[in-house]
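Peer 1: Heads up: the sequence shown at position 428 corresponds to 428 in the UniProt record's numbering, and the numbers run straight through without jumps. The C-beta atom is built at its ideal place from N, Cα and C for all residues, glycine as well. Note that this is a predicted model, so its numbers are computed, not measured.
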Amino acid sequence: MTDTSRIEISGAGLRCADVVRVARRSAWTELAPDALARAEQGYELAVELGAKRAVYGRTTGVGANRHTVVDPESADHHGLRLLRSHASGTGEPLPDDAVRAVMAIRLNQLAAGGSGVHPRLLEALATALRVGALPLVHSRGAIGTGDLTALAEIALTLAGELPWAAGNLDPLAISPGDALAFISSNAATLAEAVLAWHDLTRLLAASHVVTALTFCALGGSAEAYSERVHAARPHPGAVRCAAELRRLLTAAGDLPDGRRLQDPFGLRAFPQVQGPALDAAAAVERVLGIDLNAAAENPLIDIETEQAYHHGQFSTAYVALAFDHLRASLHHVAELSTARLGDLVEPDLSGLPPFLSEGPAGSSGIMILEYVAHDALGTLRHAASPVTLGTAVISRGLEDHASFSTHAVRSTVAATAAYRTVLACELLAAVRALRMAGTELPDTPLREAFRLAVGSLPHIGEDHPLSVEIGQAERLLDRLSVL
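1) Going along the chain, which residues of its own chain have a beta-carbon closer than 7 Å to the beta-carbon of His331, five neighbours each way excluded?
2) Kindly indicate which three-state DSSP category His332 falls into: helix, strand or coil?
3) Have a look at Glu44 and Phe182 and give me their C-alpha separation to the nearest angstrom.
4) What separation, rounded to the nearest whole angstrom, lies between the Cα atoms of Ser139 and Val209?
5) Since Arg6 is in the alpha helix (DSSP H), which residue starts that stretch and which ends it?
6) For the alpha helix (DSSP H) holding Gly378, just list the boundary residues, first then last.
7) Excluding the five sequence neighbours on either side, which residues of its own chain have a C-beta within less than 6 Å of the C-beta of Trp28, listed in chain order?
8) Are three or more beta carbon pairs between the segment 425-438 and the segment 213-221 nearer than 8 Å?
9) What first and last residue would you give for the beta strand (DSSP E) that runs through Tyr419?
10) Buried or exposed for Ala371, going by 16 or more other Cβ atoms inside 10 Å?
11) Are the CB atoms of Ala473 and Leu457 nearer to each other than 8 Å?
12) Label Ser85 either buried or exposed according to how many other C-beta atoms from any shown protein chain fall within 10 Å of its C-beta, with 16 as the threshold for buried.
13) For the segment 395-403 against the segment 129-146, do three or more pairs of beta-carbon atoms, one drawn from each stretch, fall closer than 8 Å, so that the two count as touching?
14) Between which two residues does the beta strand (DSSP E) containing Thr29 stretch?
15) Which of helix, strand or coil does DSSP assign to Gln313?
16) Between the segment 270-281 and the segment 234-248, can you find at least three pairs of beta-carbon atoms closer than 8 Å?
17) Once you ignore the five residues that flank Ala179 on each side, which residues in its own chain have a CB closer than 6 Å to its CB?
18) Go through its chain and collect everything with a Cβ distance to His198's Cβ below 6 Å, but skip five positions before and after it.
19) When you compare the CB positions of Thr189 and Thr406, do they come within less than 8 Å of one another, or not?
20) Quick check: what's the CA-CA separation for Pro234 versus Gly266?
21) Applying the criterion that 16 or more other CB atoms from any shown protein chain within 10 Å of the CB defines a buried residue, is Tyr309 buried or exposed?
22) Spell out the partners DSSP gives Gln307 in its beta bridges.
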């Protein structure tokens, strides 16, 4: 789907949702009128400062070469040498949506006016996004202290030294000092982070719908979701989760009575477990919102004070720690989904045959779904391990800390894929149980969710392979997330 709206790129106010629209719907980006003027001021200031004093990466080498002064006679070639040496990524190429996200984020950061790059770099990025020209960007080469390899590949592609993956632009001149100013960013990690956040947020939204379907299949007690209960301990995520379940489970405001005095934890404690994941996702969005609009280049070329500031804003510990927390929270949510799946195949709780089987005695029904779900849960458990417990010491000992935020994001992608399988298994079981019991669903969006599920998932009574249906359920989750 193409988004025909325009997103202004000004260096401020870019949201995660905007980046997703550019990356996946090809929304139109438009530079704000003052962005190029601000970039021009920064560029002129950077040139002036470089003529007066040492400025890291402009008049010197980088890393442990920080005190090595660049020969002014070869300054024109210093930037290209820096880009050529750093454009050394490897691994699989980033997908097109991630590359578009990188370009949009880096354009917005440059529009904030702290890099000192020549304005033509901003114009080139904006043009590339507009015409669909995409550099080839490799995935491996970042440790959370700047996406140097990925951004050097983009810069060299703009310069005409590397081939375009799609489309093309005329080669761009790289000014002295542009090289480090352009690659001094974590835009590639942030791009993958935004897309990972988006996908997981949608899956967490679908979790409310799937849990509500299971609730109806098991005849749950909605007392646990009472507004009074959650006002007594008002953690934001838990309050929000309970409100979502009330919205899905009742049209008139009266919560349904349950079959039991107290439900298993999978239903009763769902807001208390889902809530931390919702809060963690909101915290990730806040962190990303700051970094998307940050003038974090080292050095910072500050127009207001007319100074160059050397600093450590390249560190992405905030991003790494936020994603580590999010994955840990997600693991608890996934554990609860497997618990509810276990409840659905238990006759004492469902009132239906063991494993929701409909064949002759001894039929296995959906028994295998528990194996599949717990396999995925095991994958998620490994992916949830914190990446922030390690570090790196490089560049002759000068750079002695790394957040590995890139790996935290990619572990989140793996965890999200595993959770999608876990939740799909629960969805299959819940829909099967509701069909078998002929349960009447409340006149809320949950009824529409069940209608979509019935239209997408076949009901086959006898034992049969479930692989295709698991895949169908995984794809259905995105549609359920918007209900």
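Peer 2: Reading from the atomic positions:
1) Here residue 331 refers to the residue found at position 331 of the sequence shown. Only Leu380, Arg381, Ala384 meet the Cβ criterion.
2) Locating residue 332 in the sequence shown gives position 332, where the first residue counts as 1. Reduced to three states, the DSSP call for His332 is helix.
3) Translated into positions along the sequence shown, residue 44 becomes position 44. Translated into positions along the sequence shown, residue 182 becomes position 182. Rounded to the nearest whole angstrom, the C-alpha separation of Glu44 and Phe182 is 15 Å.
4) Here residue 139 refers to the residue found at position 139 of the sequence shown. Here residue 209 refers to the residue found at position 209 of the sequence shown. Ser139 and Val209 have their C-alpha atoms spaced approximately 35 Å apart.
5) The count along the sequence shown starts at 1 and reaches residue 6 at position 6. Not the alpha helix (DSSP H): Arg6 falls in the beta strand (DSSP E), residues 6-9.
6) Along the sequence shown, read from residue 1 onward, the residue named residue 378 stands at position 378. Where Gly378 is concerned, the enclosing alpha helix (DSSP H) stretches over 367-383.
7) Sequence index remark: in the sequence shown, residue 28 carries index 28 (1-based). Counting only Cβ-Cβ distances below 6 Å, and skipping sequence neighbours, we find Arg6.
8) Contact between the segment 425-438 and the segment 213-221 is present: three or more C-beta pairs spanning the two stretches fall below 8 Å.
9) Within the sequence shown, the letter at position 419 stands for residue 419. Here Tyr419 belongs to no beta strand (DSSP E); instead the alpha helix (DSSP H) covers 405-437.
10) Walking along the sequence shown from the start, residue 371 turns up at place 371. Per the sequence shown, residue 371 should be read as Tyr rather than Ala. That one is exposed.
11) Here residue 473 is taken as the residue at index 473 of the sequence shown, counted from 1. Here residue 457 is taken as the residue at index 457 of the sequence shown, counted from 1. The answer is yes: Cβ separation under 8 Å.
12) Taking the first residue of the sequence shown as 1, we reach residue 85 at position 85. Flag for Ser85 reads exposed.
13) With a cut-off of 8 Å, the segment 129-146 and the segment 395-403 count as touching, because enough Cβ pairs lie within range.
14) Start at 1 with the first residue of the sequence shown, and residue 29 comes out as number 29. Looking at the DSSP string, the run of the beta strand (DSSP E) that includes Thr29 is 28-31.
15) By 1-based counting over the sequence shown, the position of residue 313 is 313. The answer is coil: DSSP assigns Gln313 none of H, G, I, E or B.
16) The segment 234-248 vs the segment 270-281: in contact.
17) Translated into the one-based positions of the sequence shown, residue 179 becomes position 179. The beta carbon of Ala179 sits closer than 6 Å to the beta carbons of Gly79, Leu82, Leu83 from its chain, once the five residues preceding and following it are set aside; these are given in chain order.
18) Taking the sequence shown and counting its residues from 1, one reaches residue 198 at position 198. Closer than 6 Å at Cβ, skipping near neighbours: Val20.
19) Stepping through the sequence shown from its first residue, residue 189 is reached at position 189. Stepping through the sequence shown from its first residue, residue 406 is reached at position 406. Against a cut-off of 8 Å, the Cβ pair of Thr406 and Thr189 comes out as a contact.
20) The sequence position of residue 234 within the sequence shown is 234, counting from 1. The sequence position of residue 266 within the sequence shown is 266, counting from 1. Annotation: Pro234 to Gly266 spans about 20 Å, alpha carbon to alpha carbon.
21) By 1-based counting over the sequence shown, the position of residue 309 is 309. Tyr309 comes out exposed.
22) Taking the sequence shown and counting its residues from 1, one reaches residue 307 at position 307. Asp302, per the DSSP bridge assignment.
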